[in-house]
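Quick note on numbering: the sequence shown equals residues 1 to 779 in full-length UniProt numbering. All C-beta atoms, glycine included, are put in the ideal place defined by N, C-alpha and C. Read the structure below first, then the notes.
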Amino acid sequence: MLSQTTTANDVNKSLEAKALVAWWPYANASHHCIWEGITCNKAGSVTGIYLVGHYLGMELIGLLSNLNFLSLRENQLTGNLPISLTNLTHLKYLDFFSNQFTGQLPVSFSSLTDLEYLDLSNNHFSGDLPHSFTNLIHLEDLDLSTNNFSGELPVSLTNLTHLTNLILSSNNFSGNLPVWLTKLPYLEFLFLSYNNFSGELPVSLANLTHLELLSLSNNKLTGPIPPSYGSMLNLTVLDLNTNQLNASIPNQITHLQHLVILNLGDNNLDGPIPSNFSNLGQLEFLNLGMNSINGPIPPDIANLINLQQLDLNHNSLVGPIHRNLSRLSYLDFSSNQLSGDLSFQNPCNLRHLDLSMNQMTGPITSLLVCNQLEYLDLRSNNFVGEEVNNLEFPYLKFLNQYLNKNLTSISPGPSSIQNRETDLSCNALSDQSTCKVHMRRQKVVHHLTIFLPIIVGLCSLLLVYMCLKNYNAKEKKFQQETKKHGNVCSILNYDGTIAYEDFITATEDFDLKYCIGTGGYGSVYEAKLPDGKIFALKKLHCFEANQPAFNQSFKNEAQVLTNLRHKNIVKLYGFCLHNKCNFLVYEYMEKGSLFCALSDNELAVQVDWMKRVNIIKDVAHALAYMHHDCSPPIVHRDISSNNILLNSELEGFVADFGAARLLDPDSSNQTVIAGTLGYIAPELAHNMIVTEKCDVYSFGVVALETIGGKHPGDLLASLNYLTTRGTTLENILDKRLTYPTDKSIEKEIVRVCNLAVACILTDPKCRPTMIEVSRELSC
1 MLSQTTTAND VNKSLEAKAL VAWWPYANAS HHCIWEGITC NKAGSVTGIY LVGHYLGMEL
61 IGLLSNLNFL SLRENQLTGN LPISLTNLTH LKYLDFFSNQ FTGQLPVSFS SLTDLEYLDL
121 SNNHFSGDLP HSFTNLIHLE DLDLSTNNFS GELPVSLTNL THLTNLILSS NNFSGNLPVW
181 LTKLPYLEFL FLSYNNFSGE LPVSLANLTH LELLSLSNNK LTGPIPPSYG SMLNLTVLDL
241 NTNQLNASIP NQITHLQHLV ILNLGDNNLD GPIPSNFSNL GQLEFLNLGM NSINGPIPPD
301 IANLINLQQL DLNHNSLVGP IHRNLSRLSY LDFSSNQLSG DLSFQNPCNL RHLDLSMNQM
361 TGPITSLLVC NQLEYLDLRS NNFVGEEVNN LEFPYLKFLN QYLNKNLTSI SPGPSSIQNR
421 ETDLSCNALS DQSTCKVHMR RQKVVHHLTI FLPIIVGLCS LLLVYMCLKN YNAKEKKFQQ
481 ETKKHGNVCS ILNYDGTIAY EDFITATEDF DLKYCIGTGG YGSVYEAKLP DGKIFALKKL
541 HCFEANQPAF NQSFKNEAQV LTNLRHKNIV KLYGFCLHNK CNFLVYEYME KGSLFCALSD
601 NELAVQVDWM KRVNIIKDVA HALAYMHHDC SPPIVHRDIS SNNILLNSEL EGFVADFGAA
661 RLLDPDSSNQ TVIAGTLGYI APELAHNMIV TEKCDVYSFG VVALETIGGK HPGDLLASLN
721 YLTTRGTTLE NILDKRLTYP TDKSIEKEIV RVCNLAVACI LTDPKCRPTM IEVSRELSC
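Here it is in structure tokens:
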């Protein structure tokens with residue numbers, strides 16, 4: 001790798017050169033200090049390494065003793081962190097974002113006492129955090145998000161008194177929020193969302209006066225919001241969404257004059273909205289939806305000049321809507337008890353307006369000024385008026401006037417809502433008897449937004465989060481394939497030493513006693529290796545290997561799949577192409593498929609309502625990742641309850657994604673239908689048109705099946721669902737579970753049913769995207 005020059009000979013004498021020559025596959029010059037990603041000091045000693053997506057090993061990294069900067073983001077590094085890493089005692093910056101490390105963090109981490117920045121996010125680390133973190137006293141940034149860490153936060157973290165950013169979201173941490181967090185006086189960003197924290201919010205968090213962002217969403221926190229939080233005057237983001245907080249919103253929250261995002265949705269908050277919200281002059285996003293808040297909407301909210309999105313859905317609010325709110329881009333007031341006339345004025349910037357399930361009256365002529373509308377839901381109110389002809393809403397994608405019997409009709413103009421989703425039924429033009437029949441048969445509650453309020457919140461959080469990472473990712477490169485016996489065995493994401501013979505031995509040459517399932521493309525075997533690790537091997541049927549282009553397409557597609565990284569996608573560790581047989585190597589799932597769980601009465605009872613809702617969320621997040629975060633997008637084409645697998649914690653994982661394309665390289669020309677009967681979208685069955693919306697339809701079927709305990713069958717055609725308690729909702733739910741008495745759980749189920757019905761609409765253009773579904777389920 002090094003040229004035969006005097007410089008190279010000198011370099012080869014050093015331990016550093018030994019490490020680099022054995023490790024670095026991308027040398028492009030004779031001297032190592034000129035290699036891509038290498039920085040050196042004046043003496044020629046390596047002090048920094050930064051490479052993204054090069055898939056390097058780390059065997060000799062500990063020999064680079066002068067290293068102070070190491071960034072190997074997205075390099076598919078696997079296994080435990082190498083012990084030799086702790087030899088790098090001068091290291092200040094360590095970034096292993098988005099690799100595939102596993103196991104617990106080593107206790108020997110304590111030797112890296114100079115560390116200032118540590119990012120181990122997006123890996124598979126597990127277990128408790130080591131108490132040895134107590135020695136990392138210079139640490140300023142700690143990001144361990146999106147792993148499988150568990151247990152309570154160790155009190156030893158209090159020694160990290162220089163911390164400014166603590167990001168532990170998307171793990172399995174539990175217990176109460178520790179009061180000792182206040183001993184980290186310089187904290188600016190605190191992300192603890194998507195964990196299992198419980199108990200009440202610590203009053204003492206208010207002592208973190210430097211805090212700018214506090215995200216505690218999607219936990220199990222209870223009790224009131226402490227009034228003392230109004231003293232955290234530097235807060236720009238306060239996200240307490242999706243917990244079990246109760247009592248009223250303290251007036252002191254309105255002291256936070258720098259707030260840009262306030263997300264208190266999906267809790268059990270009650271009482272009125274504080275009257276002095278006009279103090280929050282910087283506020284852009286306000287979500288108080290899915291609570292039990294009552295009273296009127298304070299008129300001073302309309303004076304918030306920067307406010308763009310206001311979500312107050314599913315509360316008990318009363319009174320009128322202020323006319324100046326029309327300057328916002330997003331309003332969701334659905335499922336309240338609001339009354340009075342609409343009196344919106346220019347300028348009207350509304351793109352999303354949901355007034356459904358209220359008691360609004362009067363004409364809707366003021367909507368004439370709102371020509372930017374994309375979503376308009378007026379159903380179940382008491383609007384009145386003569387026919388309004390040729391309303392020009394050129395951007396409108398959703399219109400529903402259902403159950404406004406004194407409203408003659410909105411007649412869209414020629415450029416409006418063509419081929420888009422509308423419901424103009426049950427108005428004054430409708431025959432009353434027909435309307436009554438329609439009311440019995442129309443059992444879909446369309447409550448899906450096109451322009452979702454959570455977008456700004458999530459994007460803002462993501463922006464702050466990504467700013468901490470400092471570097472953009474480079475294009476990934478594949479590892480070289482391991483060749484054996486003239487065939488390819490590529491276990492890219494596990495351990496290159498595992499080969500064909502290891503799996504043959506583990507399954508006794510695929511003996512039937514190890515077979516745990518059979519599908520259309522192959523049979524699945526359980527393979528337990530001598531070290532105790534268990535894998536699922538999908539042995540493919542033999543006839544595909546006879547196709548001329550199969551081998552190369554199979555390898556290319558398998559390599560793409562091995563690079564996918566999402567916590568709710570069953571990991572494809574690799575594949576083997578052998579002259580005897582071909583098989584895929586998958587992560588093993590202890591509880592089997594969702595279909596089997598729902599078919600087993602004993603196991604079905606263990607999958608309670610919240611577990612079912614969370615499984616649906618897991619699948620939605622995985623599909624959103626495949627459709628919107630992968631380039632090119634990946635369409636599954638066979639989402640069914642058989643392809644949703646469950647681990648020991650009954651979490652949901654999408655399996656066999658892309659398998660149809662893997663096994664049939666020509667299927668992309670739309671000549672072959674891939675999928676399972678009962679889950680295939682109509683356009684695929686009739687016209688063989690494959691898009692992401694095919695997966696959306698299948699997801700809707702699976703969601704309804706999960707809630708109902710069985711495939712919805714003929715109900716898909718009639719859409720006979722009404723998600724209101726005491727009527728048809730009870731008939732939808734799985735009878736093996738008792739009806740949910742917890743209001744928050746019932747609201748979650750209603751939301752899932754609404755989204756599922758939207759996903760199975762016949763016209764694929766009217767279905768939401770998976771990113772919209774995922775965000776709606778997260779808010």
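C-beta atoms of residue i and residue j nearer than 9 Å
i, j, result
"T505", "Y514", "no"
"S108", "S132", "yes"
"P298", "P274", "yes"
"I293", "G271", "yes"
"H321", "G340", "The sequence as given places Ile at residue 321; His does not occur at that position. The answer is yes: Cβ separation under 9 Å."
"E152", "P178", "yes"
"L376", "L399", "yes"
"N642", "L594", "yes"
"V607", "A703", "no"
"N241", "N268", "no"
"K693", "P632", "no"
"D734", "I707", "yes"
"S150", "S121", "no"
"M610", "I745", "yes"
Residue i, DSSP secondary structure in three states
i, result
"M357", "coil"
"T182", "helix"
"K528", "strand"
"D119", "strand"
"residue 785", "One cannot answer for residue 785 here, as it falls past the ends of the chain, which runs 1 to 779."
"F191", "strand"
"Q100", "strand"
"G652", "strand"
"G295", "strand"
"D618", "helix"
"S174", "strand"
"T161", "coil"
"Q244", "strand"
"E587", "strand"
"V635", "coil"
"residue 781", "No answer is possible for residue 781: it lies beyond the span of the chain, which begins at 1 and ends at 779."
"I760", "coil"
"F575", "strand"
"Q309", "strand"
"G199", "strand"
"A536", "strand"
Buried versus exposed call for residue i [16 or more other C-beta atoms within 10 Å across all chains shown]
i, result
"E212", "buried"
"L83", "Strictly speaking, residue 83 in this sequence is Ile, with Leu absent from that position. Classification for I83: exposed."
"L190", "buried"
"H210", "exposed"
"D119", "buried"
"E602", "exposed"
"G199", "exposed"
"P712", "buried"
"Y586", "buried"
"V605", "exposed"
"Q359", "exposed"
"T762", "exposed"
"S698", "buried"
"R775", "buried"
"S648", "exposed"
Of the residues the options, the one placed nearest residue i, counting alpha carbons only
i, options, result
"S156", "L181, G574, L77", "L181"
"K538", "C576, L761, L63", "C576"
"S366", "P347, E374, S380", "P347"
"Q282", "Q309, Y573, T769, L264", "Q309"
"F333", "L373, T676, L378, L304", "L378"
"K42", "G62, L288, N66", "N66"
"I305", "A206, S170, H138, F285", "F285"
"N187", "S170, Y194, T164, N176", "Residue 187 is actually Leu in this sequence, not Asn. It is T164."
*May I ask you to verify whether the stretch 250-258 touches the stretch 220-230, counting CB pairs closer than 8 Å and requiring at least 3?*
Yes: the two stretches touch, three or more of their Cβ pairs being nearer than 8 Å.
*Touch check for the stretch 231-243 and the stretch 255-270: three-plus C-beta pairs under 8 Å?*
The count of Cβ pairs closer than 8 Å, one atom from the stretch 231-243 and one from the stretch 255-270, reaches three, so the stretches are in contact.
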